[in-house]
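Top line first, the protein sequences correspond to chains B and P.
Following this note's numbering, the numbering of the first sequence begins with 20 at its first residue and continues without gaps.
Following this note's numbering, the numbering of the second sequence begins with 21 at its first residue and continues without gaps.
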Amino acid sequence: MKRNMTVKHHLNEQLLIGYAAGILPEAFSLVVATQMSMSDEARARLASYEAIGGGLLEDSDEAEMKPDAFKQALKEINMPITKSPLPPMIEGIFPEPLQKYVGNDLNAVKWKNIGRGVRQAILKTDKHATARLLYIPAGTAMPNHGHNGLEMTLVLQGAFHDKEDCFSRGDIEIGDENIHHSPTASDDGPCICLAASDAPLKFTSLLPRLLQPLFRI
Amino acid sequence: MFVIIPFVNQDFDLLMRSFRLQVTPRRMLGKVVKNIVKSTTDLWAQCIISISKNQDKESFSDLFAHFAPRIKSFLMKGGADPVTAEDCAQETMVTVWHKAHLFDPTRAAASTWIFTIARNKRIDAARRQSRPEPEDLPWGCNPEPDASEIISMQQETYRLAQAVKSLPEKQRVIVERAFYNDLSHQEIADETGLPLGTIKSRIRLALQRLRYKMK
């Protein structure tokens, strides 16, 4: 897995704190962990927000532990740990956290066609947000949409652009109530993204709106 | 034996010496003094290294006495009941023992590392779901880390903690509540007022360490 790429678009503070504090829905955490695996800068950013948590822990009050707590801990450290063997990392375009959700790499994704050649695969996470893989053919535009909540889109392969900016592998786009756009895959090849949202998208035209419940977008 | 001046730089000097001598600090210092030094310089890092190298149960005892009650209290602030909080604190400390060899003091302060373990235990306990974690770095941690690298990382982390403490009340409470799990991600405003300069210099240092290891 190629790391250390130059990432232009990073997480915002809200999401960094959210992941560091452990309060993000699972789908968002998956996007964050996947990006961390692709970029050292992303990892360094996160570590700095986690350090805030460490500082708060260090300054925390003390709640008394049960009298035999340490004795119990000593007992536990002497017990052999049963480790479930980790599945071997497969060479591919998906970083490890994503491979765990897919069960393998790109070739194992169970795509569903959602029109205009666009394909998606929903990944199983908790219900607070939805995670999906998206396959957008070269030059194809996603229907114009806005956001009721937060949408994170991480590019895994290829690139997409909207009116504002261009996003390529490792870049993350954060969509919120203020952003209305129609992301378009670059002409060079298909764009594969990992996206997560905590509310249904707001589509401008009727057809995508009607299909929304079906595709859980 | 030592004159302890509660200023960071002097304490770092002391830490440097303890690393050079390769002596566990607890054998050099009395209990009270030890706590002052530890709280400012994070000699806790040395305790974790000592567990990793020598399965040092005395260091584990020191870490447990300091961190277990803090983890318990920290978790209870986010609404965990005392039994769950105690269990999580206990499990966190056992994991500290088992994963001590993965701790890299040039990349994180001991308190940061222990916090991330406790956070993951809390998520596991609450949701019984897996927590997506970034993939492990392809290198392990350096068995003989350079003392100055450890110190600069501890120093940046300490500065960041101080900066968070001196935020205006309202902003500080938001950050604290997020970390206590007492706030949803939607409730974190875009601008938390966190000191960007301090965060950025911590990020720069962390990035240097990651890039250095790549070479």
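Beta carbons: idealized from backbone N, C-alpha and C, even for Gly.
### Query
Would residue 34(B) be called buried (16 or more neighbouring beta carbons within 10 Å of its own) or exposed?
On the first sequence, residue 34(B) is found 15 positions in, with the first residue counted as 1. That one is buried.
### Query
List, in order along the chain, the chain B residues whose C-beta lies closer than 9 Å to that of residue 14(P)?
No information on residue 14(P) is available, as it lies outside the stretch 21 to 235 that chain P covers here.
### Query
Within the 8 Å Cβ cut-off, does residue 85(B) reach chain P?
Stepping through the first sequence from its first residue, residue 85(B) is reached at position 66. Yes, residue 85(B) lies at the interface with chain P (some Cβ there is under 8 Å from its Cβ).
### Query
Counting only beta-carbon atoms, is residue 96(B) nearer than 8 Å to chain P?
On the first sequence, position 77 is the one that residue 96(B) refers to. Interface with chain P (8 Å Cβ-Cβ cutoff): residue 96(B) is included.
### Task
Taking only the alpha-carbon atoms, compute the straight-line gap between residue 51(B) and residue 30(B) and give it to the nearest angstrom.
The sequence position of residue 51(B) within the first sequence is 32, counting from 1. The sequence position of residue 30(B) within the first sequence is 11, counting from 1. One C-alpha to the other measures close to 8 Å.
### Task
Using 10 angstroms around the beta-carbon of residue 226(P), count the other beta-carbons present and answer buried if the total reaches 16, otherwise exposed.
Against the second sequence, residue 226(P) aligns to sequence position 206. Buried, because 16 or more other Cβ atoms sit within 10 Å of the Cβ of residue 226(P).
### Contacts around residue 93(P), its chain only, beta-carbon distance under 7 Å, and the 5 residues preceding and following it disregarded
Here residue 93(P) refers to the residue found at position 73 of the second sequence. Sequence-distant partners of residue 93(P) (beyond 5 residues in either direction) whose C-beta falls short of 7 Å from its own C-beta are missing from its chain.
### Message
Can you pull the chain P neighbours of residue 62(B), defined as C-beta to C-beta under 7 Å?
### Response
For the purposes of this step, residue 62(B) is taken as the residue at position 43 of the first sequence. Those within 7 Å of residue 62(B) in chain P are 154 and 230.
### Query
Nearest to residue 119(B) by alpha carbon, out of 182(P), 152(P) and 142(P)?
On the first sequence, position 100 is the one that residue 119(B) refers to. For the residues 182(P), 152(P) and 142(P), the minimum Cα distance to residue 119(B) belongs to 152(P).
### Query
For residue 157(B), which residues of its own chain have a beta-carbon under 6 Å away from its beta-carbon, when the five flanking residues on both sides are left out?
As a working mapping, residue 157(B) is identified with position 138 in the first sequence. Counting only residues of its own chain and dropping the five nearest sequence neighbours on each side, residue 157(B) has a CB closer than 6 Å to the CB of 204, 206, 208 and 209.
### Task
In the DSSP assignment, find the alpha helix (DSSP H) that holds residue 177(P) and state where it starts and stops.
Within the second sequence, numbered from 1, the residue matching residue 177(P) stands at position 157. First-last of the alpha helix (DSSP H) with residue 177(P): 167-185.
### Message
Can you look up residue 29(B) in the DSSP assignment and give me helix, strand or coil?
### Response
Walking along the first sequence from the start, residue 29(B) turns up at place 10. DSSP, read as helix, strand or coil, puts residue 29(B) in coil.
### Message
As a quick exercise: from 200(P), 191(P) and 115(P), pick the residue whose alpha carbon is nearest that of residue 214(P).
### Response
Position 194 of the second sequence, counted from the start, is the residue given in the question as residue 214(P). Checking every option, the nearest Cα to that of residue 214(P) belongs to 191(P).
### Task
Counting only the same chain and skipping the five closest in sequence on each side, list residues whose C-beta sits under 8 Å from that of residue 195(B).
Looking up residue 195(B) in the first sequence gives position 176. Sequence-distant Cβ neighbours of residue 195(B) in its own chain, meaning closer than 8 Å and more than five residues away, are 166, 168, 169 and 170.
#### Entry: Residues bridged to residue 132(B) [DSSP beta-bridge criterion]
By one-based count along the first sequence, residue 132(B) stands at place 113. Beta-bridge pairing links residue 132(B) to 138(B).
### Query
chain C partners of residue 116(B), CB-CB under 7 Å?
The displayed structure is made up of protein chains B and P, and chain C is not among them.
### Query
Is the CB-CB distance between residue 175(B) and residue 133(B) below 8 Å?
Taking the first sequence and counting its residues from 1, one reaches residue 175(B) at position 156. Taking the first sequence and counting its residues from 1, one reaches residue 133(B) at position 114. Not in contact: residue 175(B) and residue 133(B) (Cβ atoms no closer than 8 Å).
### Query
What residues in its chain sit with their C-beta under 6 Å from that of residue 91(P), if we drop five residues either side in the sequence?
Within the second sequence, numbered from 1, the residue matching residue 91(P) stands at position 71. Excluding residues within five positions, the ones whose Cβ falls inside 6 Å are 109, 112 and 138.
### Query
Name the chain B residues whose beta carbon is nearer than 9 Å to that of residue 105(P)?
Numbered from 1 along the second sequence, position 85 holds the residue referred to as residue 105(P). 82, listed in chain order.
### Query
Who are the Cβ neighbours of residue 178(P) in its own chain at under 6 Å, not counting the five residues just before and after it?
As a working mapping, residue 178(P) is identified with position 158 in the second sequence. So no residue of the chain qualifies.
### Own chain residues within Cβ distance below 7 Å of residue 26(B), not counting five before or after
Taking the first sequence and counting its residues from 1, the one referred to as residue 26(B) is at position 7. Short of 7 Å from the beta carbon of residue 26(B), and not among the five residues preceding or following it, lie these beta carbons of its own chain, in chain order: 58, 60, 61, 189 and 190.
### Message
Assuming residue 68(B) is part of the alpha helix (DSSP H), what are its boundary residues?
### Response
As a working mapping, residue 68(B) is identified with position 49 in the first sequence. First-last of the alpha helix (DSSP H) with residue 68(B): 59-77.
### Query
What three-state label does DSSP hand residue 216(P) in the structure shown?
By 1-based counting over the second sequence, the position of residue 216(P) is 196. Looking at residue 216(P) - three-state DSSP - the assignment turns out to be helix.
### Query
Looking at residue 40(B) and residue 140(P), is the spacing between their C-beta atoms short of 8 Å?
Here residue 140(P) refers to the residue found at position 120 when the second sequence is read from its first residue. Here residue 40(B) refers to the residue found at position 21 when the first sequence is read from its first residue. At least 8 Å separates the beta-carbon of residue 140(P) from that of residue 40(B).
### Query
Since residue 216(B) sits in a beta bridge, which residues does DSSP pair it with?
By one-based count along the first sequence, residue 216(B) stands at place 197. Residue 216(B) pairs with 149(B) and 170(B).
### Task
Keeping to the same chain, check which residues put their C-beta closer than 7 Å to that of residue 187(B); ignore five residues upstream and five downstream.
Walking along the first sequence from the start, residue 187(B) turns up at place 168. Taken in chain order, the residues that qualify are 174 and 178.
#### Entry: Contiguous beta strand (DSSP E) assignments of at least 3 residues, all confined to the region 170-206 of chain B
With a minimum length of 3 residues, the continuous beta strand (DSSP E) runs that stay inside the region 170-206 of chain B are 170-176, 178-180, 185-187 and 191-194.
### Query
Which chain B residues sit within Cβ distance under 9 Å of residue 69(P)?
For the purposes of this step, residue 69(P) is taken as the residue at position 49 of the second sequence. Residues of chain B passing the Cβ test: none, with the nearest at roughly 17 Å.
#### Entry: Cross-chain neighbours of residue 193(B) in chain P, by beta carbon under 8 Å
Mapped onto the first sequence, residue 193(B) falls at position 174. Going along chain P, no residue has its Cβ under 8 Å from residue 193(B), so there is no contact; the nearest lies around 10 Å.
### Query
Would you say residue 141(B) faces chain P, with C-beta separation under 8 Å as the test?
Within the first sequence, numbered from 1, the residue matching residue 141(B) stands at position 122. In terms of beta-carbon proximity, residue 141(B) stays away from the interface with chain P, with every pair separated by 8 Å or more.
### Query
From residue 84(P) to residue 77(P), what does the alpha carbon distance come to, in whole angstroms?
In the second sequence, counting from the first residue as 1, residue 84(P) sits at position 64. In the second sequence, counting from the first residue as 1, residue 77(P) sits at position 57. Answer to the nearest angstrom: the Cα atoms are 10 Å apart.
### Task
Give me whichever residues DSSP pairs with residue 92(P) in a beta bridge.
Within the second sequence, numbered from 1, the residue matching residue 92(P) stands at position 72. Paired residue(s): none; residue 92(P) is not in a bridge.
### Message
Taking CB distances under 8 Å as the criterion, tell me whether residue 152(B) reaches chain P.
### Response
In the first sequence, the residue the question calls residue 152(B) occupies position 133. Contact of residue 152(B) with chain P is not assigned, every C-beta pair being separated by 8 Å or more.
### Task
Check residue 222(B) in the structure and name its three-state DSSP category.
For this step, residue 222(B) is matched to residue 203 along the first sequence. Three-state result, residue 222(B): strand.
### Task
Output yes or no for whether 8 Å exceeds the beta carbon distance between residue 115(B) and residue 155(P).
Your numbering for residue 115(B) matches position 96 in the first sequence. Your numbering for residue 155(P) matches position 135 in the second sequence. The answer is yes: Cβ separation under 8 Å.
### Message
Comparing C-alpha positions only, which one of 125(B), 220(B) and 117(B) sits nearest to residue 163(B)?
### Response
Residue numbering aside, residue 163(B) sits at position 144 when the first sequence is read from its first letter. From the listed residues 125(B), 220(B) and 117(B), the smallest Cα separation to residue 163(B) is found for 220(B).
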